[in-house]
Every structure is written in C-alpha cells, then in structure tokens.
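J.:
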Amino acid sequence: MDELRKYLNETLGLKIEYGEWLPDANLPLFLSRSASYARCVFEGIAFVAAKMENEDGLPDIKRVHNQLGRYTDLPVVIVSETLDARQRKALVVQGVPFVVPGVQAFLPFLAFAATSREPRRYRRGGRLSSRAQAAFVTLVAHPEVESAAELREVAGLTPSDASRALAELDEQGLVVRSKSGRSMLLERERDSGKLLRAAKPLLSSPVSGILHVERNAALNALPDAGETALAVRSMLAVPPIRRKAVSRKRLKDLSFSEVLIGEIDDNDTIELQVWTYEPLVTGGKDIDDVSLALSLADSGDERVEKELNSLFDEEDLW
C-alpha cells in the first residue's frame, strides 16, 4: 500500500491512517488471492482499500468490489495501477470508488475526487498559476500558517489544489516543503518585504475583466476592491464609482444589469472586477493587501503607487 499512501497522503494531502483490516468472516479463496487489504480512516470515516494483485479487467474488479461488500459494512475502494481512462470512466459512472496512484482518486463517500498526472515541472521565470498565487498571498497574509493542512483550512483550497499550488511554489523557490510524520510542513522567508520582492516577477493581477453594472443588494455584499478598498487603508479619496470584486467561478451566481458609464448616477453604478481566484482567499472580510496591490500595480497613478508602498512600509516595491 506504499504507493496508495504516497499518493493520497503526500500528493493529495489527505490525512489518512492505515491499519490491518479484519473481515467479519474468513474470505473465500477468490478474494484472498485477488487483492491485499488495509483498513483506512479519514477524519473519522473508515473504509477498506483493496489493492488488486491479479486483475483481468473490469469484470474481475467489480466482482471483487461486490463480493467484498458481503464481508464488511465499510465502503470498499479498489486500488489499481493499471486502469486505463475508459475503465476509470466506467467505474465513475457506476459509482465504484477507486484509486490509481499518481493518476486519479474517486472517493464519493468522502465527497472527494481528484485527477493528477506526473508532477508538473514549472519553468522558472514564468508566472504563477492563479491557484499558486492564491496560496502565496495566503501565506503572506498568515505568517502563522506552517503546514499544508493549515493552508487548506485558511484558504479553502481542496487537497488537490493545495498540493499542486505548493509544488509550484516550491519549484519557484518561494516555499520549502518537508515531511514531519503525517504532516507537510512549509518554510519560507519570514521578512514579507524580501519574500514579495523575490516573488514579484512571478505575480500578476488577479483581475481578468471589468464590468460596469447597476448596484443591487447582492453586489453590495461583495468585498470592496481597487481604489475603494485602498481608500480605506490610505489617505486616498473614495472614488465616485464603487469597486467590487467577485471570482470568475462565482460570477455566474450573480444577477445584475450591465450599464454604460454615465448612463445612470455614479452612486448607482458598480465597477465589478472579475478575479481569477477568490478575492477573500485569505479568509478575512477584506481583500488581502498583496492581492489588492497586484490589482492596482499597473494603474499608472503615482498617488496609488505611493499609497501601496506605504501600505507595505516599503520603497519602490510597487
């Protein structure tokens, strides 16, 4: 079960405990020879992992899965290193839990599914993905976060997304990952100014688009963004048109009417920024300072740049 443990615990970041599985009765010869077994526990939920030894295809796998259910009340997860894409799709359709280490995990009883190939190598000098940038700004905002589990909890990232984001940050030299028992620990530069200067060439504005819309209650509930958010943290005046932010993922859940600038009163208009990641990814009630600065860094307004540098107590950072 070493490959299973490596994939679920280290690659996907699931805190799973492994032990010996004792069936309710002696297994028939077919089941004894077809697979090796382990009892696994994730956040209080137990299941049986069946590592296939001699499989002849889907019929054999489904036979093991179905017959094993007679000897346990726990969910049964098929573990196989040879399932191809067609076979995996068939198991998903039929609701059969499975893990192909290094490729895919389908665990519906845990409300978890992930697909990941061989670890991707990230080219130095490129830009961080939105997923990695979201993890990075969370680490800057929360210096107390020292493990992958803590990062997932604060940022609301899935184990798969957190694992990939941290792999990317590690590859770019922004964090160093290390194992301590079952935990993935994170180390990084503790001077936020030095860390930001090292990361800045890799960072980009989270704003992927801007809409001008008529103000309503749902939009009012969104976090302030842009110059509106900066005005609260600086000496800048509040702009006449309020800036708000929403992730691209959640945009479809909003109802609004687009307008032209000047078509209605400025007080009834909102400039809606569409972000590549959640504006409140750091877990607070306001947009974090780094994401805010990145969204404004290319404004070309010297007053904005001055206030951004003051916000970080740095010179010429932005």
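Once you know that position 183 of the sequence shown is 183 in full-length UniProt numbering, the rest is easy, because the numbers rise by one and skip nothing.
The beta-carbon is built from N, C-alpha and C at its ideal position, and this holds for glycine as well.
Report the rounded CA-to-CA distance for Leu236 versus Phe98, giving the unit in angstroms.
T.: 55 Å
J.: Does Arg188 pass the burial test, meaning 16 or more other C-beta atoms within 10 Å, or should it be called exposed?
T.: buried
J.: By how many angstroms is the C-alpha of Leu169 removed from the C-alpha of Val175?
T.: Near 6 Å, if we compare the C-alpha coordinates of Leu169 and Val175.
J.: Locate the beta strand (DSSP E) running through Glu187, then write down its first and last residues.
T.: 183 to 187
J.: I think Ala38 touches Met52, with their Cβ atoms under 8 Å apart; what is that distance to the nearest whole Å?
T.: Contact doesn't hold; Cβ gap of about 13 Å is too wide.
J.: Taking buried to mean at least 16 other C-beta atoms within 10 Å of its own C-beta, is Thr11 buried or exposed?
T.: buried
J.: Specify the secondary structure class of Gln172 as computed by DSSP and reduced to three states.
T.: In the structure shown, Gln172 adopts coil according to DSSP, grouped into three states.
J.: Take every Cβ of the region 75 to 86, pair it with every Cβ of the region 95 to 112, and state whether three or more of those distances are shorter than 8 Å.
T.: yes
J.: Whose C-alpha, out of Ala135, Leu202, Gly173, is nearest the C-alpha of Gly126?
T.: Leu202
J.: Taking Thr158 as part of the alpha helix (DSSP H), name the residues at either end of that continuous run.
T.: Here Thr158 belongs to no alpha helix (DSSP H), and DSSP marks it neither H nor E.
J.: If I'm right that Val64 touches Ala49 with Cβ under 8 Å, what's the distance once you round it to whole angstroms?
T.: With 8 Å as the limit, Val64 and Ala49 do not qualify as a contact, their Cβ atoms being about 12 Å apart.
J.: Within 10 Å of its beta-carbon, does Arg33 have 16 or more other beta-carbons around it, so buried, or fewer, so exposed?
T.: exposed
J.: Just mark Leu151 as buried or exposed, buried being the case when its beta carbon has 16 or more other beta carbons within 10 Å.
T.: buried
J.: Nearer than 7 Å: is that true of the beta carbon of Glu305 relative to any heavy atom of the ligand ZN?
T.: The ligand ZN is not among the ligands present in this structure, which contains no ligands whatsoever.
J.: Pick out the complete beta strand (DSSP E) segments inside the region 241 to 274, 3 residues or longer, and give them in chain order.
T.: 242 to 247
J.: Give a yes or no on whether the C-beta atoms belonging to Glu128 and Gln87 are separated by under 8 Å.
T.: According to the sequence displayed, residue 128 carries Leu and not Glu. 8 Å or more divides the Cβ of Leu128 from the Cβ of Gln87.
J.: Is Arg131 closer than 8 Å to Ala85 when the C-beta atoms are compared?
T.: no
J.: Whose CA, out of Phe47, Asp24, Ser295, lies closest to the CA of Ile16?
T.: Phe47
J.: Can you tell me which residues form a DSSP beta bridge with Val77?
T.: Ala49
J.: My output table needs one value for Arg177: the three-state DSSP class, helix, strand or coil.
T.: Collapsing the DSSP output to three states places Arg177 in a strand.
J.: Let me know the secondary structure DSSP gives Ser34 once reduced to three states.
T.: The answer is helix: DSSP assigns Ser34 an H, G or I state.
J.: Could you pull out every residue in the same chain whose Cβ sits closer than 7 Å to the Cβ of Gly95, ignoring the five residues on either side in sequence?
T.: Correct list, in chain order: Pro108.
J.: Taking buried to mean at least 16 other C-beta atoms within 10 Å of its own C-beta, is Arg29 buried or exposed?
T.: Sequence check: residue 29 is Leu here, not Arg. Exposed: under 16 other Cβ atoms inside 10 Å.
J.: Give me the residue from Val140, Val41, Phe112 with the minimum Cα distance to Leu292.
T.: Of Val140, Val41, Phe112, the smallest CA-CA separation from Leu292 is found for Val140.
J.: Whole angstroms is fine: what's the gap from Arg121's alpha carbon to Gly262's?
T.: Below a pLDDT of 50, predicted positions are generally treated as unreliable, and Arg121, at 41, falls in that range; the measurement from the model is reported next regardless. When rounded, the distance between both Cα atoms is 48 Å.
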